[in-house]
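Numbering (our numbering), first residue to last: 29 to 380.
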Amino acid sequence: MSVLRLTVFLTVLAIFRIGHVSSDIYLSVHRLEQLATYEPALLSGIKKYVNAQPLGVPTEVVKFVNETNILISNRTDALNDLKHPVNALHLVERFVFNWLYLFEKLVCQKCTKVNAVQDFKKAYQHALHNVTRLPVMKDLNGTMRAMFRIWRTYKLDINKLLHGDILGYKARPLNHKQLVRLILFAAENPELYYEELVLRTKMTDILKGTPYYYGIVFELASAYYKHGFISTAKTILESLLPLGNKAMTLAYDECLKHPMVNDSRELKPPPSPEHPVYDQLCRGELKSPKALSKLHCRYRQTSIPIYWSKQEVLHQDPMIALYHDVISDEEIKMVLQHRLKIWPDQILQVRR
Numbered sequence: 029m030s031v032l033r034l035t036v037f038l039t040v041l042a043i044f045r046i047g048h049v050s051s052d053i054y055l056s057v058h059r060l061e062q063l064a065t066y067e068p069a070l071l072s073g074i075k076k077y078v079n080a081q082p083l084g085v086p087t088e089v090v091k092f093v094n095e096t097n098i099l100i101s102n103r104t105d106a107l108n109d110l111k112h113p114v115n116a117l118h119l120v121e122r123f124v125f126n127w128l129y130l131f132e133k134l135v136c137q138k139c140t141k142v143n144a145v146q147d148f149k150k151a152y153q154h155a156l157h158n159v160t161r162l163p164v165m166k167d168l169n170g171t172m173r174a175m176f177r178i179w180r181t182y183k184l185d186i187n188k189l190l191h192g193d194i195l196g197y198k199a200r201p202l203n204h205k206q207l208v209r210l211i212l213f214a215a216e217n218p219e220l221y222y223e224e225l226v227l228r229t230k231m232t233d234i235l236k237g238t239p240y241y242y243g244i245v246f247e248l249a250s251a252y253y254k255h256g257f258i259s260t261a262k263t264i265l266e267s268l269l270p271l272g273n274k275a276m277t278l279a280y281d282e283c284l285k286h287p288m289v290n291d292s293r294e295l296k297p298p299p300s301p302e303h304p305v306y307d308q309l310c311r312g313e314l315k316s317p318k319a320l321s322k323l324h325c326r327y328r329q330t331s332i333p334i335y336w337s338k339q340e341v342l343h344q345d346p347m348i349a350l351y352h353d354v355i356s357d358e359e360i361k362m363v364l365q366h367r368l369k370i371w372p373d374q375i376l377q378v379r380r
C-alpha cells in the first residue's frame with residue numbers, strides 16, 4: 029500500500045472546530061491569531077510614546093519595543109507559526125506580562141493627557157473590545173502545561189525543546205527568563221518533578237562560570253532532596269562544601285542524617301498516569317486490540333468536504349492534540365465515499 033506523505037502539525041487546542049473555538053484556557057490557535065492581529069496596533073501606539081519621550085522611557089521598555097518590532101516584522105516566518113506550543117508561550121507571555129504592564133503603567137489619569145499615550149490606550153482598548161478576552165496568568169500556565177505534556181509524551185530532547193524544536197517543527201528559542209518560569213511552574217506541580225530536575229540541571233550548565241552558578245547548583249541539590257533523591261543531593265552538596273557556606277553545610281548534614289542517604293535512585297522519566305506514552309499513534313500501523321483500545325484517535329471533518337484530518341488526542345484538560353492532514357490511500361477512498369453520499373451527482377477527481 030502506498031502511503032501519501034504525512035505532514036504533522038503540532039497544535040495546542042482547547043476545542044477543535046473549523047471557524048469557531050471556545051475555551052476557558054487560552055490555548056486555541058483561533059484566539060492566538062486574534063491576539064497576533066491586534067499586536068501591531070499596540071506596538072505602533074507604544075512606539076509613538078517612546079519616540080515622543082526618548083529620555084523618560086525605561087530601558088527595558090525600549091528593549092521590549094525593539095524586540096517585538098523585529099518579531100512582528102517577521103510574523104510570516106515559519107518560525108513564528110502560532111500552532112507551535114513554544115510560539116504560543118511567547119505570545120501569551122508577552123500579553124500577560126509586557127502589554128498588561130505597559131497599559132497599567134502608562135494609562136493613568138495624568139498620563140492620558142499625553143497624545144502618544146492616548147494612541148496606545150485606544151489601540152489597547154480596541155484590542156480588548158475585539159478579542160474574546162485578553163490572556164491572564166491561568167492561560168500562561170496552560171501553555172506551559174501543554175509543553176510539559178508534549179515533552180513527556182514524546183520524550184523530547186531538552187536541548188531541542190529549549191531551542192524551539194519539537195519533532196523537527198521549529199519555533200523561536202526560549203530565553204533564560206522563560207526557562208526560569210518553566211522551572212518554577214514545574215516546582216509548583218509535584219507530578220512534574222522529572223521535568224523540574226532536568227530543567228534545573230540545564231540551568232546549571234547554562235550558568236556555569238557566572239556569579240550565579242553555585243546558587244543554582246545549591247537549588248538543584250535542594251530540589252533533588254525535596255523529591256526524594258537524597259543520595260544525589262548529597263553528592264551535589266559535597267561539591268559545594270569547599271565554599272564554606274553555612275546553609276550548604278547544614279543541608280549536607282541533613283542529607284547525612286536521612287535514612288535513605290545510601291539509597292541510590294536513578295532519575296527516569298515517569299510514565300504519564302493519565303495516558304500511555306506513545307512513540308507513534310494514529311498513523312495506520314497495526315496494533316493489538318489492547319493497544320487499540322488505548323488510542324485516542326478520531327477523524328475530523330472540516331468545512332471542505334474532501335478534506336478530513338486525523339486528531340491524535342494526547343491529553344484532555346487542557347486539550348493537547350496532533351493533527352495529521354494527509355492520510356493513506358484506503359482512508360482517501362473512505363473520505364471520497366462519504367463525499368459521494370452527500371453529493372452523488374458530482375464526480376470527484378483526486379489529484380496526487
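Note that the Cβ used here is the ideal one computed from N, Cα and C, for glycine as well.
By the CB criterion at 7 Å, A116 and L60 fall inside the cutoff. The DSSP-derived three-state label of E340 is strand.
Check the Cα spacing between K361 and each of E340, W336, L350 and Y351: the tightest is with W336.
Here L71 is not near V120, since their CB atoms are 7 Å or more apart. If the five residues before and after G256 are omitted, its C-beta is found closer than 8 Å to the C-beta atoms of M288 and R293, all from its own chain and listed in chain order. Exclusion of the five residues before and after R200 leaves L99, L107, N108, V114, N115, H118 and G192 as the residues of its chain whose Cβ lies within less than 8 Å of its Cβ.
In this structure, I211 places its C-beta atom within 7 Å of the C-beta atom of L227. For T229, the enclosing alpha helix (DSSP H) stretches over residues Y221 to I234. In the structure shown, the three-state DSSP call for Q81 is coil. By the C-beta density criterion, I186 is exposed, having fewer than 16 other C-beta atoms within 10 angstroms.
Apart from the 5 residues on each side of it in sequence, L235 sits with its Cβ closer than 7 Å to the Cβ of Y241 and I244 in its chain, given in chain order.
With fewer than 16 other Cβ atoms inside 10 Å of its own Cβ, E88 counts as exposed.
For V120, the enclosing alpha helix (DSSP H) has its first and last residue at P113 to E121. Annotation: M172 to P86 spans about 29 Å, alpha carbon to alpha carbon.
Between A214 and E223, the C-beta spacing is below 7 Å. It is roughly 50 Å from the alpha-carbon of V57 to the alpha-carbon of K274.
Around the Cβ of E219, a 10 Å sphere holds fewer than 16 other Cβ atoms; the residue is exposed. A straight line joining the alpha-carbon of F131 with that of R103 spans about 23 Å. By alpha-carbon distance to Y351, the top candidate from N94, K111 and V93 is K111. In the structure shown, D193 falls within a strand segment according to DSSP collapsed to helix, strand and coil. In the three-state scheme derived from DSSP, where H, G and I count as helix and E and B as strand, Y253 is classed as helix. With a contact defined as Cβ atoms closer than 8 Å, L284 and K262 qualify at about 7 Å. Going by DSSP, G170 is part of the alpha helix (DSSP H) stretching over M165 to Y182. Distances from the CA of G73 to each of Y327, T232, T277 and V93 were compared; the closest alpha carbon is that of V93. Assignment of A261 by DSSP, reduced to helix, strand and coil, places it in the helix class.
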